[in-house]
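Numbers given in our numbering equal positions in the sequence shown, counted from 1, plus 1.
For glycine and all other residues, C-beta sits at the position ideal for the given N, C-alpha and C.
What follows is a single structure, written as structure tokens, with notes after it.
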Amino acid sequence: MKISIVGAGYVGLATGVGFASMGHSVICVDVDAERVRKLNRGEPPIYEPMLEEHLRKALEENRFEATTELGRAIRQSEVIFICVGTPSKSDGSMDPVFIEQASRDIGQAMKDRGGYPVVTVKSTVVPGTTEGVVIPLLERNSGKRAGAGFGVCVNPEFLREGQALSDFFNPDRVIIGELDGRSGDTLHQLYRDFKCPILRTDLKTAEMIKYASNAFLAAKISFINEIGNICKRLGIDVYEVARGMGLDRRISPHFLNAGIGFGGSCFPKDVRALMARARELGYEPRLLEAVMALNEDQPLRLLELLRKHLPDLRGRTIGVLGLAFKPGTDDVREAPSIRIVGELLREGAAVKAYDPKAMDNFRRIFPQLQYCGRAEEVLDSDAVLILTEWEEFRRLDYSGKVVIDGRRIEEARKARVYEGVCW
Ligand code: UDX
Ligand code: UDX
């Protein structure tokens, strides 16, 4: 099939390169000309395992192209994915500005074409956005009716950063929200070879499935962190508790790793957006409120433990191992490290940091840190904080050190002083 992807960010690229690898013909459209140039040279603008290999292969086989020319791409595609970002406004609600722009542009480009292109919203949008914002803009700008001149679907992504391509090829499920059967059938065709359940719903149900899934996973993390905070006071190891809980199939062992909380471009933003939408509708989302409040406090617990061992941080050097919001990515968006490092600096500490991938991104926020070329250099400090569970941190020699662990690195338990954030 001929596919266009509007927005070549994490999601757009993983999706585009994924479909190209499956034999489809993909054009990725982005407003960022430098990004487009790089992509056509086979250089992904982000770090994501396997992305570069798949991108290069797709380019060689002429199945992938990046462009800034949206019109040309849209006119020749059977399915058009909207993958632009959905940032938050200051009140936490979703800012539809890029979704609106993409819808207007796609609408314009569909003006003088025939067929039944299916515009598919993959960006995470609050329930009702496709019907209330995307469709009206597509109709107004194309002069065509949804369901007559073009089709519409919502097809949320469940790609984890660092595993985006393997998640793309092996999803647990595919959700197709459809305006009509014809739209849904086209998208279903695209996912024909995937070996997983495919659930077809209406548009806003598909939008909600994405938010409900992320909110549930976020809640699972805050839940185990709360149990961990209680365990810490009782001298119980929350990881053993989680193992015992996870054996219950109704609970499952996944997403029960206690620590300094969740970050990233999705969980915090999506939970806040769902809360804001609920409030607009006159409903107070009390459980989600608690999930976020717990998550905001969790990084600070690590600092409380640090102060127990170093009451005054002024003039001290604190080593930080890991800056990315999780291993396998260079992404630092909403990473707990930002909160922790900010607080360390505010209290007068000097910070030495190391991360195998995320130092360039972190340097843009905190240029004043001492960034180390090797993890070992960070160990030479008054205390070490572990903020991301990179594999290589499991192989360091922590003997003689003071370590406050936010991510459960077993090896660090051999330190002279060891504290886990909630174990
Ligand atoms: C995605 C989803 O779209 C978002 O809804 C979800 O919650 C998280 O994942 P992501 O892929 O991380 O977002 O976005 P980002 O990396 O910001 O990429 C968006 C891309 O779209 C950028 O390359 C940007 O240049 C491009 N863009 C943005 C356009 O091409 N046109 C626009 O009008 C706006
Ligand atoms: C998430 C969703 O998993 C994915 O389906 C969605 O589409 C995008 O958002 P991602 O943000 O890439 O993916 O990361 P994920 O692996 O889900 O982790 C999110 C955060 O939760 C990380 O900061 C991670 O450290 C934290 N986490 C995860 C925990 O603290 N404990 C856990 O047990 C699992």
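Cβ neighbours of Arg76 in the same chain (closer than 7 Å, five flanking residues each side left out): Ala110, Arg114
Inter-residue Cα distance where the pair is Val338 and Asp356: With the sequence shown as reference, residue 338 is identified as Ser, and Val is not the correct amino acid for it. If I take the Cα positions, the gap works out to 11 Å.
Contact belief for Val175 with Val153 at Cβ below 8 Å, rounded distance in angstroms: Actually they do not touch by this definition, with Cβ atoms about 17 Å apart.
Among Leu160, Val385, Ala274, the one whose alpha carbon lies nearest that of Pro50: Leu160
Counterpart residues of Lys3 in DSSP-defined beta bridges: Ser26
Outcome for Val333 when other beta-carbon atoms lying within 10 angstroms are tallied against a minimum of 16: buried
Spatial distance of Arg396 from Lys415 (CA atoms): 12 Å
Three-way DSSP call (helix, strand, coil) for Arg317 in this model: coil
Sheet register partners of Cys197 (DSSP bridge): Cys197 is not bridged to any residue.
Exposure label - Cys423; buried when at least 16 CB within 10 Å: buried
Beta-carbon proximity list for Ala59, same chain, < 8 Å, skipping 5 on both sides: Val18, Ala21, Ser22, Val27, Phe65
Beta-carbon proximity of Leu322 to Val385, cut-off 9 Å: yes
Heavy atom of ligand 2 within 8 Å of Pro337 beta-carbon: yes
Test item: CB-CB of Asn215 and Val272 under 9 Å: yes
Between the CA atoms of Val12 and Val155 - distance to the nearest angstrom: 14 Å
Option in Lys233, His25, Asn296, Gly133 with minimal Cα separation from Ile81: His25
Sequence-distant residues of its chain with Cβ nearer than 8 Å to Asp238 (five each side left out): Cys232, Trp424
Cβ distance (whole Å) where Gly260 is taken to contact Gly407 below 8 Å: 5 Å
Under the three-state DSSP convention, the category Thr425 falls into: For residue 425 there is no data in the structure shown, the boundaries of the chain being 2 and 424.
Three-state secondary structure (DSSP) of Gln369: coil
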